[in-house]
Each structure stands twice: as C-alpha cells, then as structure tokens.
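Below is one structure; the comments refer to it alone.
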Amino acid sequence: MKTLLVLFLALSASLRAQDAVTLIRQGDVHDVKYEANEALKYYLPAEKLQPGNAELLVKIARQYVFRMTSLSSVAEKLASAKTALSYSERAVKIDPKSCEAQLGIAISLGRMAQLQGNKEKVAASRPIKEAAEKAAKLDPRNDYAWHILGRWHQGIAGANSFLLAIARLVYGDIPEASNEKAVEYFKKATSLRPDRLIHHIELGRTYAQMGKKEEARKLLERGLAMPNTEKDDAETKDRGRKTLASL
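Be aware that the sequence shown starts at 26, since it is given in my numbering, and climbs by one per residue.
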C-alpha cells in the first residue's frame with residue numbers, strides 16, 4: 026500500500042511537471058511577441074504548479090514590465106512594476122546566481138523610479154546599480170546588464186546638482202557616476218548587441234549630455250534609422266528624436 030502511494034505521488038508530480046512545461050511553452054509563444062497579458066494566462070497557472078521555478082518567475086516579472094505600456098494610469102503602471110519587482114526578488118532568492126533575475130530587480134526598480142518623485146529616484150539609485158553590477162558579473166555577455174549600468178551613470182551624472190546635494194544629506198553617500206563611465210558601458214553593450222537600437226540611442230544621448238554634438242547626432246540618427254524590433258523601441262526613439270531636436 027505504501028509503495029502504491031509513493032508511485033501515485035511520483036506520477037502526480039510528473040504530470041504536474043508536464044502540465045507546467047506545456048503551459049510555459051504556450052506562454053513563450055506570446056512572450057516573444059510582447060503579448061504580456063496573453064503570456065500571463067499561461068505563466069501564472071504554471072507558477073501554481075512550479076512556484077520554485079526561478080526562470081518562470083523571471084518570465085512573469087518580464088510580462089508585468091511589458092504590460093506597463095498598455096496601462097493608462099500612473100497608479101496601475103506603478104502597481105505592475107511593483108509586481109514585477111516582487112517576482113524578480115523571489116527568483117533571486119531561489120537562484121541568486123541568475124543574471125536575468127538580478128537584472129529583473131534593476132529593471133523593475135528603474136521603472137518604478139521613473140513614475141515616482143525625486144526622493145524615490147534617489148533612494149532607488151543604489152539598489153539599481155548593485156543589481157545591475159551583479160547581473161553583469163554573473164553574465165558578462167549580457168548586453169542589457171551593461172546598458173542598465175550605462176543608464177545609471179547617465180542619469181546620475183546628468184542629475185541636478187542641488188538635488189544630489191540634498192540627496193546626500195538625506196541618504197548619505199551616493200556612488201560616484203560619470204558620463205565617461207556611461208559611454209564605456211553603452212559601448213560595451215553595443216559591441217555585444219549592435220542590432221539593438223536602444224544602445225546606440227542612449228550612447229548618443231550621453232554624448233549630447235556631454236556637449237559632443239557631432240558624436241551624438243551620428244549615433245542618434247543611426248539608432249533612429251534602425252527598425253523597431255523590441256517592446257520599448259518606439260519609446261526609445263521618442264527620446265532619441267527629442268534629444269536630436271535639441272542639438
């Protein structure tokens with residue numbers, strides 16, 4: 026009787042695993058198309074079957090980031106970003122050596138900071154940098170990890186000096202940042218994935234911030250000429266056009 030129970034439990038576990046794999050594959054079909062809400066219809070049931078699957082948790086977190094562009098209110102977008110952060114943090118607890126999970130934390134915090142005030146932006150700066158650095162160390166070939174580090178340096182280096190002074194009084198020391206480091210990291214990201222327009226445009230925007238107009242114009246025009254292939258490409262091009270117009 027005990028042997029039969031063991032066999033039954035093993036069979037049930039095997040069937041659940043098969044069901045989860047099928048659901049994840051179905052979700053993946055929508056993930057590559059950036060159809061976040063459709064992907065979640067499969068990923069969330071799969072999570073109930075495999076709550077300890079760190080890779081799945083990262084995929085779910087990604088959908089909550091993707092779906093932010095389709096939400097109308099700041100409150101809804103912020104809630105979605107917070108959910109993404111929660112899933113990314115769970116993934117890191119399960120697999121601390123997952124580059125994508127660490128990157129998920131940096132991305133989620135960054136999206137949240139974009140929707141919040143200066144106080145929250147400053148508070149998020151250190152954990153964003155730390156998570157991105159961990160991701161880059163875990164997988165030096167991950168172009169987006171270097172990109173996030175570039176964005177961090179770009180943002181802090183271009184921040185209002187008065188705001189930074191107040192932030193240091195409230196939060197203590199803020200890690201040093203520079204446009205030169207931003208350029209270094211964006212170039213690293215571009216060398217790994219030259220097909221991603223976001224690397225070219227953000228490198229161009231950094232040069233613009235440095236007053237290097239010719240370099241900025243060249244990179245911005247290059248990025249703007251590239252086809253949209255990823256979820257945020259249209260938004261990235263909007264930033265690029267605004268910067269180009271200001272040169």
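Ideal Cβ positions, reconstructed from N, Cα and C, are used throughout, including at glycine.
Whole angstroms is fine: what's the gap from residue 103's alpha carbon to residue 113's? Within the sequence shown, numbered from 1, the residue matching residue 103 stands at position 78. Within the sequence shown, numbered from 1, the residue matching residue 113 stands at position 88. Their backbone Cα atoms lie some 15 Å apart in a straight line.
(request) Output the distance between the C-alpha atoms of residue 31 and residue 95, rounded to the nearest integer angstrom. (result) Stepping through the sequence shown from its first residue, residue 31 is reached at position 6. Stepping through the sequence shown from its first residue, residue 95 is reached at position 70. Only weak support is given to the placement of residue 31: the predicted model assigns it a pLDDT of 43, under 50, and the value that follows is read from those uncertain coordinates. Straight-line Cα distance between these residues: approximately 47 Å.
Practice item. Would you mind stating whether residue 81 and residue 49 have Cβ atoms separated by less than 8 Å? Key: Looking up residue 81 in the sequence shown gives position 56. Looking up residue 49 in the sequence shown gives position 24. Going by C-beta atoms, residue 81 is nearer than 8 Å to residue 49.
Euclidean distance between Cα positions of residue 145 and residue 136:
Along the sequence shown, read from residue 1 onward, the residue named residue 145 stands at position 120. Along the sequence shown, read from residue 1 onward, the residue named residue 136 stands at position 111. C-alpha separation (whole angstroms): 11 Å.
Subject >> Backbone CA spacing between residue 115 and residue 79 [nearest angstrom] >> reply: Within the sequence shown, the letter at position 90 stands for residue 115. Within the sequence shown, the letter at position 54 stands for residue 79. Whole-angstrom Cα-Cα distance: 8 Å.
- Tell me which same chain residues have a C-beta within less than 6 Å of the C-beta of residue 65, skipping the five on either side of it? As a working mapping, residue 65 is identified with position 40 in the sequence shown. Excluding positions up to five away in sequence, the list reads 88.
Original post:
Under three-state DSSP, which class holds residue 256?
Top reply: Position 231 of the sequence shown holds residue 256. If DSSP states are grouped into helix, strand and coil, residue 256 belongs with coil.
Practice problem: Could you have a look at residue 221 and say whether DSSP puts it in helix, strand or coil? | Solution: As a position in the sequence shown, residue 221 is number 196, starting the count at 1. Reduced to three states, the DSSP call for residue 221 is coil.
Using the C-alpha atoms, what's the distance from residue 158 back to residue 174?
-> By 1-based counting over the sequence shown, the position of residue 174 is 149. By 1-based counting over the sequence shown, the position of residue 158 is 133. Distance between the alpha carbons of residue 174 and residue 158 is about 7 Å.
So for residue 44, helix, strand or coil by DSSP?
Within the sequence shown, numbered from 1, the residue matching residue 44 stands at position 19. Three-state DSSP puts residue 44 in a helix.
Run of the alpha helix (DSSP H) containing residue 1, from where it starts to where it stops: The requested residue 1 does not occur in the structure, where the chain is confined to residues 26 to 272.
### Task
Pick out whichever of 270, 255 and 267 has its Cα sitting closest to the Cα of residue 58.
Residue 58 sits at position 33 when you count from the first residue of the sequence shown. With distances taken between Cα atoms, residue 58 lies closest to 255.
*Taking the alpha-carbon positions, what's the residue 218 to residue 143 distance?*
If you number the sequence shown from 1, residue 218 lands on position 193. If you number the sequence shown from 1, residue 143 lands on position 118. Approximately 32 Å between the Cα atoms of the pair.
Inter-residue CB distance, residue 44 and residue 74 (contact presumed, cutoff 8 Å): One-based indexing of the sequence shown puts residue 44 at position 19. One-based indexing of the sequence shown puts residue 74 at position 49. Confirmed, about 6 Å.
- Through-space distance from residue 47 to residue 40, alpha-carbon basis: Locating residue 40 in the sequence shown gives position 15, where the first residue counts as 1. Locating residue 47 in the sequence shown gives position 22, where the first residue counts as 1. In this prediction, residue 40 scores a pLDDT of 41, lower than 50, which makes its location untrustworthy; the coordinate-derived value is nonetheless stated afterwards. Each residue's Cα considered, the two are about 11 Å apart.
| message | I need the straight-line Cα distance from residue 225 to residue 51, nearest angstrom please. | response | For the purposes of this step, residue 225 is taken as the residue at position 200 of the sequence shown. For the purposes of this step, residue 51 is taken as the residue at position 26 of the sequence shown. Cα-Cα distance, rounded: 33 Å.
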